[in-house]
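Visitor:
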Amino acid sequence: MKTVFRIAVLWLLLLVGVGRTLAQGSPPQPGNKYAKQVNIEQRLGAQVRPDLTFRDENGKSVTLGEYLGKRPVILTLVYYQCPMLCTQVLNGLVKSLKVMKEEPGVDFDLVTISIDPKETPALALQKKGAYLTEYERAGAAANWHFLTGDEAAIRSVADSVGFRYLYDTASGQYAHAAGIMVLTPAGKVAGYQYTVEFAPNELQRTLADALKEKIGKPIEPLIWLCFEYDPLTAKYGFSIRKALQSGSILMAIGVATMVVILKRRERKTRIDDPALLRAMKTGSTMKN
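Counting in this note's numbering, the sequence shown runs without a single skipped number right up to 1059 at its last residue.
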């Protein structure tokens, strides 16, 4: 038992050392300079301005307030000519919505805003058509809104919900994170989901809470720790360095848990040991 315990401790020390080395001593990676500039900061309870003006997919001038006040809103910030990530976000959202019983226009609305001020309502209409074909819910056409707007309005919404992005001049693309936000009917941020796969049960729970103006708790986007933005390709890619960092932390936790379990078992074994029990009984008899 002592040998196993020593091995576990050695593994724990090794993993912690690996994590520190990777965190402190690794050379700068191409995408690291974007790490603090491109992310989704959780601003739960923050208010989105209802007076901000955009244009819908038909070119009509609208305010965000027109989509608030009745139901929760699933908000996505993308751009319609995005080569990869935005499409994956919207695909993942539709995939989750299709297995949910909740209906757009009854239980929630959807608002998708382009972060590129140069994009037009025509592009928004084209993108909407593609996703209406995929979603196939009766209320989607009237209650999923694809908007475009000027830089000031876009930035205001993005800042309110903690969506940090930037334009990469070298690639001609926008660097941005992947995720969705849920707003309460009053326009407050109720919850987040990260990456491009969204758990339907979690989304249902967040929508139910948002309907009651209930603000959710912060979440840890652990899976996203293994990815980083590459400005050379304008894409997010798997990072071995980050995966090892994240993995070493998780494995260290696992080893620490194993050590605790082994110690408890060792203590229990000592108590249950027949020789020890006989000695304890003998001592008790001698005292009597």
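Glycine residues also receive a C-beta, built at the ideal position from the N, C-alpha and C atoms. Since we're looking at a predicted model, the values are computed, not measured.
Check this for me: beta carbons of residue 929 and residue 810, under 7 Å apart or not?
Guide: Taking 7 Å as the Cβ cut-off, residue 929 and residue 810 do not qualify as a contacting pair.
Visitor: Kindly indicate which residue of 884, 875, 848 has the alpha-carbon position closest to the one of residue 917.
Guide: Residue 884 is the option with its Cα nearest to residue 917.
Visitor: Rounded to the nearest angstrom, how far is the Cβ of residue 865 from that of residue 905, given a contact under 8 Å?
Guide: 5 Å between Cβ atoms; contact.
Visitor: Between residue 847 and the rest of its own chain, which residues show a CB-CB distance below 7 Å, the 5 nearest in sequence each way excluded?
Guide: Within the same chain, residue 847 has close Cβ partners 860, 861, 864, 883, 951.
Visitor: Could you name the residues that DSSP lists as bridge partners for residue 950?
Guide: For residue 950, which the question treats as bridged, DSSP gives the partners 965.
Visitor: Does the segment 869 to 882 come into contact with the segment 896 to 916, if we say contact requires no fewer than three beta-carbon pairs (one atom in each stretch) closer than 8 Å?
Guide: With the cut-off at 8 Å, the segment 869 to 882 and the segment 896 to 916 touch.
Visitor: Considering only residues of the segment 817 to 888, which uninterrupted alpha helix (DSSP H) runs meet the minimum length of 4 residues and lie entirely inside it, listed in chain order?
Guide: Qualifying alpha helix (DSSP H) stretches, in chain order: 856 to 869.
Visitor: Taking the straight line between their C-alpha atoms, what separation do you get for residue 911 and residue 886?
Guide: Those two C-alpha atoms are separated by around 22 Å.
Visitor: Would the beta-carbon of residue 843 fall within 7 Å of that of residue 982?
Guide: Yes.
Visitor: Tell me, which residues are paired with residue 960 by DSSP?
Guide: Per DSSP, 954.
Visitor: Alpha carbons only, please: which of 972, 988, 954, 986 is nearest the one belonging to residue 840?
Guide: Of the candidates 972, 988, 954, 986, the one whose C-alpha sits nearest the C-alpha of residue 840 is 954.
Visitor: On a Cα-Cα basis, can you pick out the residue from 835, 874, 966, 944 that is closest to residue 821?
Guide: Of 835, 874, 966, 944, the residue nearest in Cα terms is 835.
Visitor: Do you know whose CA, among 987, 984, 972, 895, lies nearest residue 873's CA?
Guide: Checking every option, the nearest Cα to that of residue 873 belongs to 972.
Visitor: Which of helix, strand or coil does DSSP assign to residue 1065?
Guide: Because the chain is modelled from 772 through 1059, residue 1065 falls outside the range shown and cannot be assessed.
Visitor: Kindly list the residues whose CB is nearer than 7 Å to the CB of residue 978, restricted to its own chain and excluding five residues on each side of it in sequence; keep chain order.
Guide: Answer for residue 978: 843, 873, 878, 879, 953, listed in chain order.
Visitor: Specify, as a first and last residue, the run of the beta strand (DSSP E) that residue 906 falls within.
Guide: Per DSSP, residue 906 belongs to no beta strand (DSSP E); it is in the alpha helix (DSSP H), 892 to 906.
Visitor: Is residue 933 helix, strand or coil by DSSP?
Guide: Residue 933: coil per DSSP, three-state reduction.
Visitor: List the residues that DSSP assigns as beta-bridge partners of residue 918.
Guide: Answer is 884, bridged to residue 918.
Visitor: Any idea if residue 938 is buried or exposed, counting beta-carbon neighbours within 10 angstroms, 16 or more meaning buried?
Guide: By the 10 Å Cβ count, residue 938 comes out exposed.
Visitor: When DSSP builds the beta bridges, which residues end up paired with residue 939?
Guide: Note: residue 939 sits in a beta bridge opposite 944.
Visitor: Output the distance between the C-alpha atoms of residue 942 and residue 893, rounded to the nearest integer angstrom.
Guide: Straight-line Cα distance between these residues: approximately 24 Å.
Visitor: Could you check the C-alpha separation between residue 936 and residue 944 for me, to the nearest Å?
Guide: Those two C-alpha atoms are separated by around 11 Å.
Visitor: Quick one: using the 10 Å Cβ neighbour count with 16 as the cut-off for buried, is residue 921 buried or exposed?
Guide: Residue 921 is exposed by the Cβ-count criterion.
Visitor: Relative to the C-alpha of residue 856, which residue among 817, 827, 966 is closest?
Guide: Ranking 817, 827, 966 by Cα distance to residue 856 puts 966 first.
Visitor: Check the C-beta distance from residue 868 over to residue 960 and give it rounded, since I have them as a contact under 8 Å.
Guide: Actually they are not in contact, since the Cβ atoms of residue 868 and residue 960 sit about 20 Å apart, beyond 8 Å.
Visitor: Near residue 871, what residues of its chain come up, given a Cβ to Cβ distance below 8 Å and the 5 sequence neighbours on each side ignored?
Guide: Around residue 871: 971, 974, 975.
Visitor: Please state if the CB of residue 825 and the CB of residue 833 are separated by a distance shorter than 7 Å.
Guide: Closer than 7 Å, so yes.
Visitor: Since residue 919 and residue 890 are thought to touch, with beta carbons under 8 Å apart, how far apart are those beta carbons, to the nearest angstrom?
Guide: Contact flag correct, Cβ pair sits at about 5 Å.
Visitor: In whole angstroms, what separates the C-alpha of residue 830 from that of residue 980?
Guide: For residue 830 and residue 980, the distance between alpha carbons rounds to 33 Å.
Visitor: Please determine, among 897, 845, 908, the residue with the shortest C-alpha to C-alpha distance to residue 969.
Guide: Residue 845 is the option with its Cα nearest to residue 969.
Visitor: With a cut-off of 8 Å on the beta carbons, I'd call residue 896 and residue 828 a contact; round off their distance for me.
Guide: Right, the Cβ-Cβ distance comes to about 4 Å (below 8 Å), so this counts as a contact.
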